[in-house]
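Chains as they are written, first to last, in UniProt numbering: chain A, 1 to 92; chain B, 1 to 92.
Take a look at the structure below.
2 protein chains.
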Amino acid sequence: MYVVLVYDVSKDENGRKRWSHIFKICKKYMSHIQNSVFEGELSKVQLIKMQNELKPYINSELDSVILFKSRQQKWLDKEWWGKQADVTSFII
Amino acid sequence: MYVVLVYDVSKDENGRKRWSHIFKICKKYMSHIQNSVFEGELSKVQLIKMQNELKPYINSELDSVILFKSRQQKWLDKEWWGKQADVTSFII
Numbered sequence: 001m002y003v004v005l006v007y008d009v010s011k012d013e014n015g016r017k018r019w020s021h022i023f024k025i026c027k028k029y030m031s032h033i034q035n036s037v038f039e040g041e042l043s044k045v046q047l048i049k050m051q052n053e054l055k056p057y058i059n060s061e062l063d064s065v066i067l068f069k070s071r072q073q074k075w076l077d078k079e080w081w082g083k084q085a086d087v088t089s090f091i092i
Numbered sequence: 001m002y003v004v005l006v007y008d009v010s011k012d013e014n015g016r017k018r019w020s021h022i023f024k025i026c027k028k029y030m031s032h033i034q035n036s037v038f039e040g041e042l043s044k045v046q047l048i049k050m051q052n053e054l055k056p057y058i059n060s061e062l063d064s065v066i067l068f069k070s071r072q073q074k075w076l077d078k079e080w081w082g083k084q085a086d087v088t089s090f091i092i
């Protein structure tokens with residue numbers, strides 16, 4: 001399935017470390033398309049694996065992660081307004 | 001149609017001001033569901049209006065705005081991992 005994941009990790013409670021773990025796990029499964037946005041084509045098994053890996057690093061009182069899932073990518077059009085850049089390079 | 005808009009506005013070149021305009025315009029048309037994420041049900045006309053309003057405030061070399069469009073909301077599942085909060089209140 002096609003997924004878009006957006007996250008907002010708080011800086012509180014050592015958030016920088018959580019952010020770094022979350023970023024690296026997302027990067028393993030998906031493409032980084034904007035500061036806090038990833039997209040990818042994942043199987044159900046991959047999605048569960050990713051969710052299990054992310055779970056320990058999401059502080060349920062501080063952090064927000066939203067996953068949009070579409071069975072087929074064609075059901076979801078994507079438009080870029082503004083720059084369309086590889087934003088990964090300067091972060092890792 | 002159902003839309004999800006994610007933005008990343010640079011702080012450079014008076015970005016705080018651009019950010020504020022972009023936030024307010026998005027808020028007019030959609031619901032704020034995460035730090036830089038909005039979702040909403042828009043007609044084609046509303047989408048064009050919103051795009052025209054946003055255009056002057058998106059710096060095409062610095063800012064990134066991505067719009068995901070689905071003809072029907074049911075084609076897109078949404079899952080929250082972590083907190084699911086009203087994030088608008090503390091910003092405006």
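Built from N, CA and C at the ideal position, the CB exists for glycine as well.
Please tell me whether residue i and residue j are closer than 8 Å, where the distance is taken between their beta carbons.
i: S20 (chain B); j: Q34 (chain A); result: no
i: Y2 (chain A); j: L76 (chain A); result: yes
i: Y57 (chain B); j: R18 (chain B); result: yes
Show which residues of chain B have a CB atom less than 7 Å away from the CB atom of residue i.
i: G15 (chain A); result: Near G15 (chain A) there are no residues of chain B at all, since even the closest Cβ is about 12 Å away, more than 7 Å.
Along chain A, which residues have their Cβ under 7 Å away from the Cβ of residue i?
i: D8 (chain B); result: Q34, N35
Using a Cβ cut-off of 8 Å, pull out every chain B residue sitting near residue i, in sequence order please.
i: Q84 (chain A); result: S64
Where does residue i sit, in a helix, a strand or coil, going by DSSP?
i: E39 (chain A); result: strand
i: F90 (chain A); result: With a pLDDT of 46 at F90 (chain A), under the threshold of 50, the predicted position of this residue should be treated as unreliable, though the coordinate-derived value follows. In the structure shown, F90 (chain A) sits in coil (DSSP, three-state: anything other than H, G, I, E or B).
i: V9 (chain A); result: coil
i: V4 (chain B); result: strand
i: E53 (chain A); result: helix
Quick one: which chain A residues come within Cβ less than 8 Å of residue i?
i: K27 (chain B); result: Chain A residues near K27 (chain B): none, gap ~17 Å exceeds 8 Å.
Check the Cβ of residue i against every Cβ in chain A and list those closer than 9 Å, keeping chain order.
i: K78 (chain B); result: I66, L67, F68, K69
i: W19 (chain B); result: The premise fails here: W19 (chain B) is roughly 12 Å from chain A at the closest Cβ pair, so nothing lies under 9 Å.
Residues of the segment 38 to 68 of chain A in Cβ contact with chain B at a cutoff of 8 Å, in chain order, please.
Per Cβ criterion, the list reads Q51, L54, K55, I58, N59, S60, E61, L62, D63, S64, V65, I66, L67, F68.
Give a yes or no on contact between the segment 77 to 84 of chain A and the segment 65 to 75 of chain B, applying the rule of three or more CB pairs nearer than 8 Å.
Verdict: yes, contact present.
Cβ contact (3+ pairs, closer than 8 Å) linking the segment 37 to 45 of chain A and the segment 45 to 54 of chain B
Touching, no.
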